[in-house]
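Have a look at the structure below before the remarks.
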């Protein structure tokens, strides 16, 4: 049995990480804050039944479901709103192209976006992603495959403009120095 | 198909996702909101259960006592007197906040002379643009005041601002305010708040300067709503609508250029007590006239046209008002287009246009011949 003080402790420790996950899904910090707050509220009601070792995954799953709910009525995210959330010094080239990953992710359908984020931002295995997204491993594979293909399409024009992706060897796909 | 981990798109995705910077709000604020909303949900469940129990008992009683099901019984609704309103809201237990709010009112030029009692203290259930804590207080002499925190993304409980003060009727079904001119510490253009009498649903904010209710999308909880407003919505062109129970005028912001005036009819015409020459007098429905040198309202359209610019907000077509009731637009207008009077940051509804042969007639929204006992005085330099 777990009590509310433990919930507070969990939120204090994990909130930045959870908010960042929601930002990757929604593309907009305000929306992300709403989504996380709703998810935390739902989790608080059942906190006593949430296993401590799986609390992060449990809350992320709640965030994912809130995100899907919110995505039905969400307005498109403007490039300026994305730019506000980027560390411009780190990725000047990508930002200049205005096709930063955060903007491209917003062009994917919500479930594809969530699958891509789960696999390649959270670094979950296909099996773990399937559990968090409430679908089969096959669905995760399909969603990520289609999501990544779509991102490539969206980036293709960008590649032509900036002459390749900064820091990435186009043959091997590995980052350069 | 499994995606190759070394796929350039995956590599780029991983690299650029690392550049996403998130500035989390204070976790304490987040936790406070989550716990507040949890408490409210619990209270609502208890209230819903209690209400259901009352209804079931009442229905059972009615069935036992009165078996004549053929007759409809209509129970008239009535609001509780404001003196009996209990203190409501998610911050009702914050004694420090209540004390500071009262002190803020007492230190202002609009200070009450007698005892003061808070009837609401709370913040919206969801963070958003209309994000401010509010304390509503009534005084023994019959006025209501609204003290709030600045409106913005985060609620700063350390700063309290007196937003509005107005007389209130004892049986008012709702109270509220619209502060159209923001405080420099606000992050939004204007704010509104409304609170219905206990057991009533939150009022809808309706403006005669708009074609739609502003109620949708606002935060509603415990009979209260919070809203962000922007021009042309203001206290002098809006009402807090309670359906069958009627509507009440919201209080205007302390920084807004308006005040309430009494209207009376004399042999010379309509007079607004306390108004000065050049003031525009309006009701929430629309403009009545401009105070002339003798204190009597000049209700002719030309006088209104001299006070401000007549505009069709639908397409921003400006027009000229004539004393024979015409609106002569400098562009294309359509039947039933709304015409408003604009001066500086003040917008007052005038009416709508109706075709009259080759001309456009202005159908006034507020009839000076049927003016109510009180109105708004708009005093601009």
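Protein chains in written order, with our numbering: chain X, 1 to 177; chain E, 1001 to 1381. C-beta atoms are modelled at their ideal positions from N, C-alpha and C, and glycine is treated no differently.
Query, Result
"Separation of residue 1321/E from residue 1327/E, as counted between CA atoms", "5 Å"
"Enclosing alpha helix (DSSP H) for residue 1305/E [first to last residue]", "1301–1307"
"Element boundaries [alpha helix (DSSP H), containing residue 1352/E]", "Run containing residue 1352/E: none in the alpha helix (DSSP H); it sits in the beta strand (DSSP E), 1346–1356."
"Three-pair Cβ contact test at 8 Å for the segment 1145–1164 of chain E versus the segment 1173–1193 of chain E", "yes"
"Pairwise C-alpha distance: residue 1168/E and residue 1376/E", "15 Å"
"Cutoff 7 Å: residue 154/X Cβ touching any chain E Cβ", "no"
"DSSP-derived helix/strand/coil call for residue 1320/E", "strand"
"Whole-angstrom C-beta distance between residue 1368/E and residue 1270/E, which should lie under 8 Å", "6 Å"
"Residue 1178/E, DSSP secondary structure in three states", "strand"
"Same chain, Cβ closer than 7 Å to residue 1091/E, five either side skipped, listed in chain order", "1097, 1121, 1122, 1123 and 1133"
"Segment contact flag, the segment 13–22 of chain X with the segment 30–42 of chain X, C-beta cutoff 8 Å, min 3 pairs", "yes"
"Under 7 Å from the C-beta of residue 1344/E: neighbouring residues of chain X", "Ordered by position in chain X, no residue passes the 7 Å Cβ test against residue 1344/E, which lies about 30 Å from the chain."
"Element boundaries [beta strand (DSSP E), containing residue 1087/E]", "Where residue 1087/E is concerned, there is no enclosing beta strand (DSSP E), given that its DSSP letter is neither H nor E."
"Run of the alpha helix (DSSP H) containing residue 24/X, from where it starts to where it stops", "4–26"
"Segment contact, 8 Å Cβ cut-off, at least three pairs: the segment 1234–1248 of chain E with the segment 1332–1349 of chain E", "yes"
"Residue burial classification, residue 111/X (beta-carbon count within 10 angstroms, cutoff 16)", "buried"
"Member of 1105/E, 1157/E, 1152/E and 1154/E whose CA lies at the smallest distance from the CA of residue 1143/E", "1105/E"
"Residue range of the unbroken alpha helix (DSSP H) whose run includes residue 1017/E", "1008–1017"
"Endpoints, alpha helix (DSSP H) assigned at residue 1105/E", "1095–1106"
"Close-in-space but distant-in-sequence residues of the same chain around residue 1378/E (CB under 7 Å, 5 per side omitted)", "1236, 1257, 1258, 1279, 1280, 1282, 1346 and 1348"
"Residues of the segment 1002–1022 of chain E with Cβ closer than 9 Å to any Cβ of chain X, in chain order", "1002, 1003, 1004, 1005, 1006, 1007, 1008, 1009, 1010, 1011, 1012, 1013, 1014, 1015, 1016, 1017, 1018, 1019, 1020, 1021 and 1022"
"Alpha-carbon to alpha-carbon, residue 1335/E and residue 131/X", "59 Å"
"Straight-line gap, residue 142/X to residue 1002/E (C-alpha atoms, nearest Å)", "8 Å"
"Stretch-stretch touch, CB-based, cutoff 8 Å, three pairs: the segment 1193–1206 of chain E with the segment 1238–1255 of chain E", "yes"
"Proximity below 7 Å, CB of residue 1285/E to CB of residue 1365/E", "yes"
"Residues sharing a beta bridge with residue 1228/E, DSSP", "1191/E"
"As assigned by DSSP and simplified to three states, the class of residue 1209/E", "coil"
"Which of helix, strand or coil DSSP assigns to residue 1258/E", "strand"
"Cβ-Cβ separation, residue 1299/E to residue 1289/E (assumed contact under 8 Å), whole Å", "4 Å"
"Own chain, CB closer than 7 Å to residue 136/X, minus 5 neighbours either side, in chain order", "130"
"Among 59/X, 71/X, 14/X and 116/X, nearest to residue 140/X - alpha-carbon criterion", "116/X"
"Exposure label - residue 1004/E; buried when at least 16 CB within 10 Å", "exposed"
"Residue 1114/E: CB within 6 Å of a non-hydrogen atom of the ligand GDP", "Looking for the ligand GDP in the displayed structure turns up nothing, as the structure carries no ligands at all."
"Residues bridged to residue 1148/E (per DSSP)", "1134/E and 1161/E"
"CB contact flag (residue 1136/E, residue 1195/E, <7 Å)", "yes"
"Any chain X beta carbon closer than 7 Å to residue 1031/E", "yes"
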